[in-house]
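A short write-up of the structure that comes next.
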Amino acid sequence: MDPVMNPFRPGAGRRPPVLAGRERILASFDVVLRRAEEFGEGDRSWVVTGLRGVGKTVLLNELMGQANVRKWIVAKVEASSSTPLRKILATELVKAMRTATGRHPNGSHLKRALGVLKSFTLKLGIEGITLGAEVEPQHGVADSGRFGHDLTALLEVVGEASLDFGVGTLILVDELQEASSSDLEAINMAVHALGQADVPLPVFFVGAGLPSLPAQLAEAASHAERLYVYQPVGLLGSDDVRKALVEPCLDLGATWEEDALSAAQHVARGYPYFVQSIGKHVWDLAPGPVVRADDVLAGSALAREEIDAGLYRSRWERATAAQRRLLIGMAQLSRENAVEIGELATHLRKARTSDLSVARGELIKKGLVYVPERGLVAFTVPGMSDFVLSQEE
Ligand SMILES: Nc1ncnc2c1ncn2[C@@H]1O[C@H](COP(=O)(O)OP(=O)(O)O)[C@@H](O)[C@H]1O
Ligand SMILES: [Mg+2]
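In case it helps, full-length UniProt numbering puts the sequence shown at residues 1 to 393.
Take a look at the structure:
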């Protein structure tokens, strides 16, 4: 079918033509938006977790889009291990406030919030953020130099500004597992403090990351379990895979034969990234307008190659020989699940589990594996174990 019309979008953060299987979480978000607007009240913040490629970024973008349509104050950032979160967040908050100034030109709270933001950035020594000479720093607020306290104070004034406009403030942090533990601690502190008020301000925080994130947050604060609503984002059920493949085609006048569809569902295994990749290649190959099983067979072979190249190979190539042995051991012990580190040591004929510490630590840093809970290790990408086994000579 015409590749120019291809509706599917494999690739990190790329918006799928149909966001399947996320109705419940979107409905909950709608409640958050409406409670903030109708009662000026904030809700418990969220932590969205899931493996790579399940659709966390796309979901965050969807939340951001909905809040933007409603003229909220919205800042979305991506945490990274190389830049402190305070800097990334401050930069984006400046932009968000500028947009808010455009949307709500006469807000006196907004002016104050900008002033507080200025003293916040000055105190933290964050350079390269220009707020304009006309903005007077508000000394004594958000400028203690302690990120947790200052973030709390800053979000308070920003929250008050949004309350003033009858909207809320939405702060989204993607890849939150990359943030330092002191940044996580500061976020916990701010989220906790904001939730303490009789009527919490309409400031809503959403962090997204790998499934190790809840444990990282808990390490940074003892009460983190109760601070957040955890929203795991998982694989799609077979009805949702069907919907994700069929609906975008229907809109363009193409349909799927039943056995073509079940073949595609079988290959996709509920994994959103696969769904997009299969959809894309099948579309390009199929003569159409009816997609047949043969098209799926040929298309999934290409999808497989694309996924190997884009998702697995680059990760595999970043691993050293010792790290690869560990990955192979993991894949041999379990195709789908986390592996116990003690069992892995025995399997790899190591005397002690600590003999694996260096390789394991490096693989975690490179983002290939993560620790779902103490003593376990798992792949960050679904299907990685199959690839690893195929690489073993
Ligand atoms: N609910 C969904 N339905 C269909 N496709 C999806 C869905 N969520 C994500 N995708 C697709 O999956 C791929 C990965 O999404 P992304 O948000 O980058 O995942 P993550 O951030 O979890 O690694 C993208 O190609 C995206 O279009
Ligand atoms: Mg992502």
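We treat Cβ as the ideally placed atom computed from N, Cα and C, and that holds for glycine.
- DSSP places residue 23 in the helix class (H, G or I) of the three-state scheme.
- Bridge pairing for residue 80: 83 [DSSP].
- Straight-line spacing of the CA atoms in residue 1 and residue 42 works out to 48 Å.
- The beta carbon of residue 57 sits closer than 6 Å to at least one heavy atom of ligand 2.
- Distance from the CA atom of residue 367 to the CA atom of residue 215, rounded to whole angstroms, is 16 Å.
- Residue range 376-379 is occupied by the beta strand (DSSP E) that includes residue 379.
- Beyond the five residues adjoining it in sequence on each side, residue 232 comes within less than 7 Å, by CB distance, of 49 and 50 in the same chain, given in chain order.
- The Cβ neighbour count for residue 295, taken over all protein chains shown within 10 Å, is at least 16; the residue is labelled buried.
- Pairing residue 302 with residue 281, the inter-Cα distance amounts to about 7 Å.
- Relative to the non-hydrogen atoms of ligand 1, the Cβ of residue 315 never comes closer than 6 Å to any of them.
- Beta bridge pairing from DSSP links residue 231 with 48.
- Put simply, the region 135-153 touches the region 109-125. At least three CB pairs are less than 8 Å apart.
- Judged by beta-carbon spacing, residue 256 lies within the 7 Å limit of residue 246, meaning their Cβ atoms are closer than that value.
- Taking the CA atoms as reference points, residue 105 sits about 17 Å from residue 93.
- Excluding residues up to 5 positions away in sequence, 229 lie with their Cβ nearer than 6 Å to the Cβ of residue 44 in the same chain.
- The C-beta distance from residue 75 to residue 96 rounds to 4 Å, short enough to fall under 8 Å.
- For residue 261, the Cβ stays outside the 6 Å cut-off from all heavy atoms of ligand 1.
- Residue burial annotation: residue 40 is buried, with at least 16 other C-beta atoms found within 10 angstroms of its C-beta.
- In this structure, residue 276 has its CB closer than 6 Å to one or more heavy atoms of ligand 1.
- DSSP, read as helix, strand or coil, puts residue 53 in coil.
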